[in-house]
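A.B. asks: The following block contains the structure, expressed as structure tokens.
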Amino acid sequence: MSFLKEKEFAIILFVMPLLFLLFNYYTGISDPAAKELVGWGSILWNFSMLIGTYTMFKYLGTNLVQRKKDSEYSIILFISFFAYLACMYAYPSGYDYILTNLQTPLQMGLLVGTFTNYTMLFRGARTRNWLGVLLLVSAILYALSMIPIATRTWVGFSMMGTWINVVPNAGVMRAITIGMGVGLVATLLRELTGKETHYLGG
Amino acid sequence: MAQKVEKAEKWYQSASTQEYLMYLSVILLSGMLLINPVTFPLDITQPTIDFVNAIRSIPKGGLMLWDESSFVTGYYTQNQIALYKLFFDQAKQRGVRIIFISCCVDGPMAGAMINKQLEVQDTTGLKYGVNYVNLGWQPGFELVLSAIAKDIQTVTKADAYGTPISDIPMMKGLRTEDINLFAFNCGVSCDPWMRQWVPLHKPILMTGGYSLIAQAQGYIQAGSITAYLNGSRGYVEMERITGYLTMQTSLFEASNIMGPYAILLVIVCNVSHTLQKRKKRRE
Chain Y
1 MSFLKEKEFA IILFVMPLLF LLFNYYTGIS DPAAKELVGW GSILWNFSML
51 IGTYTMFKYL GTNLVQRKKD SEYSIILFIS FFAYLACMYA YPSGYDYILT
101 NLQTPLQMGL LVGTFTNYTM LFRGARTRNW LGVLLLVSAI LYALSMIPIA
151 TRTWVGFSMM GTWINVVPNA GVMRAITIGM GVGLVATLLR ELTGKETHYL
201 GG
Chain S
1001 MAQKVEKAEK WYQSASTQEY LMYLSVILLS GMLLINPVTF PLDITQPTID
1051 FVNAIRSIPK GGLMLWDESS FVTGYYTQNQ IALYKLFFDQ AKQRGVRIIF
1101 ISCCVDGPMA GAMINKQLEV QDTTGLKYGV NYVNLGWQPG FELVLSAIAK
1151 DIQTVTKADA YGTPISDIPM MKGLRTEDIN LFAFNCGVSC DPWMRQWVPL
1201 HKPILMTGGY SLIAQAQGYI QAGSITAYLN GSRGYVEMER ITGYLTMQTS
1251 LFEASNIMGP YAILLVIVCN VSHTLQKRKK RRE
């Protein structure tokens, strides 16, 4: 098998730029090259979008050919995708028309979903244990601290809501952020040593 | 053998009736404010005051960067338009220059929204490319944030309208260090912005939903985020400070009624659930 197809080659392709960027970050040496490399990353991102589009089309196309359930919606997606894409490059005023008169009202229409939130609250916000009650009470107090009429009614709502946000919530978020940071470093070390190869799809 | 006889459901116990009643109450309650608007008193919170002051205290002729992530809601409710107006007032009054960009992870829609928001701004006396520039949507999310932090010149070769960066007077010789203030609208966790921009040691402003601001509390308390607008309330407070009242202010009035209504629903839900459980136990 060609070396280019070897897993090790892909790891080298990942690890070398990574080490270089780390080296640049801590030393400041080879700044222009590092800037160029970051730019390449943005270009690669575009390719990843192409791959994503290809995968989506392949999946939906297969569904359509096999006449799976609800596959007819794929036709709408294909037409919308190509119409939007073509207008964006070939007919900008058409693109603007779609954006203003189709996409904007449709997205605003989705906000009507807010109605279902109330139903959700009525049906789903049942607490089954004391931790659930605690969470619900905190959420209610925080919500009240954001409602002007509530804070005008009793200043305590504002104080309690702020306290929940600033003390217990901030403490937990700090812990999560630190945990995430440690996790990132650990993953990086695993990647550098070739033990973590999730980026290869493994 | 004893057979369990199911009781007939009363009309108010039907799920669909309950839903219709709920929808009707939402329409009536929020509609009341549309027919008869009531301006509820609103206490302006310190973070909003700090946010507006941070923008107003950019040095004369200074530079700010705005990363847009909002979609059509911000445009439709006009809160983003009010925010842009605040930026442009600084451009007119004190020569502040503005870079608009969107690194939005959700796609190019936010870039398109920059165009729409710029179209409705009063830019009298300002010149595109000299006082402000629109770099549009740039794919790559954190990579773009990283490129901004490293060197603003490497972010893109052309602006949102295809003009080469080298032909834009404002961008000539511009370095990231020249930017006095970074600001972003956050649709996801603020971690990527913090990772890339905090090492620059410049003021950073954030706007985002209540839950995202709650998530950012660690950064806020550490001083990494200088000031923020907390959800729609933050925007409304900003509008009250600047005096550019938009539809967002009117919509927010509804939260005075809809918020307590939502809380009431939660309480009713839990009380009825508890009563039902007790009833079942007795039976």
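Chains as they are written, first to last, in our numbering: chain Y, 1 to 202; chain S, 1001 to 1283. For every residue, glycine included, the Cβ atom is placed at its ideal position computed from N, Cα and C.
1. Buried or exposed: Met-1001/S, going by 16 or more other Cβ atoms within 10 Å of its Cβ?
2. Using the Cα positions of Thr-127/Y and Arg-1240/S, report the straight-line distance between them to the nearest angstrom.
3. Name the chain S residues that come within less than 7 angstroms of Asn-165/Y, Cβ to Cβ?
4. Using the beta-carbon count (16 or more within 10 Å), is Tyr-54/Y buried or exposed?
5. If you reduce the DSSP assignment to three classes, tell me which class Arg-1097/S lands in.
6. Could you say which of Gly-1129/S, Pro-1192/S, Leu-1229/S, Gln-1121/S lies nearest to Tyr-1161/S if we only look at CA atoms?
7. Mark Pro-148/Y as exposed unless 16 or more other C-beta atoms lie within 10 angstroms of its C-beta, in which case mark it buried.
8. Count the other C-beta atoms from every protein chain shown that fall within 10 angstroms of the C-beta of Gly-194/Y, then say buried if there are 16 or more, exposed otherwise.
9. Taking the Cβ atom as the reference point for each residue, do Met-1194/S and Tyr-1219/S lie within a distance shorter than 7 angstroms?
10. Shorter than 7 angstroms from the beta carbon of Lys-1150/S to some beta carbon of chain Y?
11. Anything in the region 1039-1050 of chain S with a Cβ closer than 7 angstroms to a Cβ of chain Y? List those residues in chain order, please.
12. Within 7 angstroms (strictly less), CB to CB, does Val-182/Y reach chain S?
13. When the Cα of Asn-46/Y is compared with those of Thr-1077/S, Val-1144/S, Lys-1150/S, which residue comes out closest?
14. One question on the structure: do Ser-138/Y and Phe-157/Y come within less than 7 angstroms of each other, judged by their Cβ atoms?
15. Based on the DSSP secondary-structure assignment, which residues constitute the bridge partners of Phe-157/Y?
16. Please report the residue range of the beta strand (DSSP E) in which Ala-1183/S lies.
17. Any C-beta of chain Y sitting closer than 7 angstroms to the C-beta of Asn-1270/S?
18. According to DSSP, is Leu-1063/S part of a helix, a strand, or is it coil?
19. Which residues mark the beginning and the end of the beta strand (DSSP E) in which Val-1133/S is found?
20. State the DSSP-derived secondary structure class of Ile-1220/S, mapped to helix, strand or coil.
21. Apart from the five residues on each side of it in sequence, which residues of its chain come closer than 8 angstroms, Cβ to Cβ, to Leu-22/Y?
22. Exposed or buried, what is Lys-1150/S when buried is set at 16 or more other beta-carbons lying within 10 Å of its beta-carbon?
23. Roughly how many whole angstroms lie between the Cα atoms of Met-108/Y and Ser-71/Y?
24. What does Lys-35/Y touch in chain S if you count any residue whose Cβ is under 7 angstroms from its own?
25. Using the Cα positions of Asp-96/Y and Phe-1071/S, report the straight-line distance between them to the nearest angstrom.
26. Taking Cβ-Cβ distances below 9 angstroms as the criterion, which residues of the region 1162-1180 of chain S are in contact with chain Y?
27. Note down, in chain order, all residues in the region 32-61 of chain Y with a beta-carbon under 8 angstroms from any beta-carbon belonging to chain S.
28. Can you name the residues that DSSP bridges to Met-1206/S?
29. Name the residue from Glu-1019/S, Asn-1256/S, Lys-1279/S whose alpha carbon lies nearest to the alpha carbon of Arg-152/Y.
30. Do we get a CB-CB distance below 7 angstroms when we pair Asn-169/Y with the residues of chain S?
31. Using the rule of at least 16 other Cβ atoms within 10 Å of the residue's Cβ for burial, across every protein chain shown, is Glu-1283/S buried or exposed?
32. Where does Pro-1041/S land, buried or exposed, given buried means 16+ other C-beta within 10 angstroms?
33. Can you tell which of Ala-90/Y, Ser-93/Y, Ala-125/Y, Met-49/Y has the C-alpha that lies nearest to the C-alpha of Ala-1368/S?
34. Using the C-alpha atoms, what's the distance from Lys-1127/S back to Ile-140/Y?
35. For Met-159/Y, is the classification buried or exposed, using 16 other Cβ atoms within 10 angstroms of its Cβ as the cut-off for buried?
C.D. replies: Let's see:
1. The predicted position of Met-1001/S is uncertain, since its pLDDT is 49 and thus under 50; a value taken from the coordinates is nonetheless stated next. Exposed.
2. 38 angstroms
3. Ala-1214, Gln-1217
4. exposed
5. strand
6. Gly-1129/S
7. buried
8. exposed
9. yes
10. yes
11. Phe-1040, Pro-1041, Leu-1042, Asp-1043
12. no
13. Val-1144/S
14. no
15. According to DSSP, Phe-157/Y bridges with nothing at all.
16. 1181-1186
17. yes
18. strand
19. 1132-1137
20. helix
21. none
22. buried
23. 26 angstroms
24. Lys-1150, Asp-1151, Thr-1154
25. 15 angstroms
26. none
27. Ala-34, Lys-35, Glu-36, Val-38, Gly-39, Gly-41, Ser-42, Trp-45, Asn-46, Met-49
28. Phe-1184/S, Tyr-1228/S
29. Asn-1256/S
30. yes
31. exposed
32. exposed
33. For residue 1368/S there is no data in the structure shown, the boundaries of chain S being 1001 and 1283.
34. 48 angstroms
35. exposed
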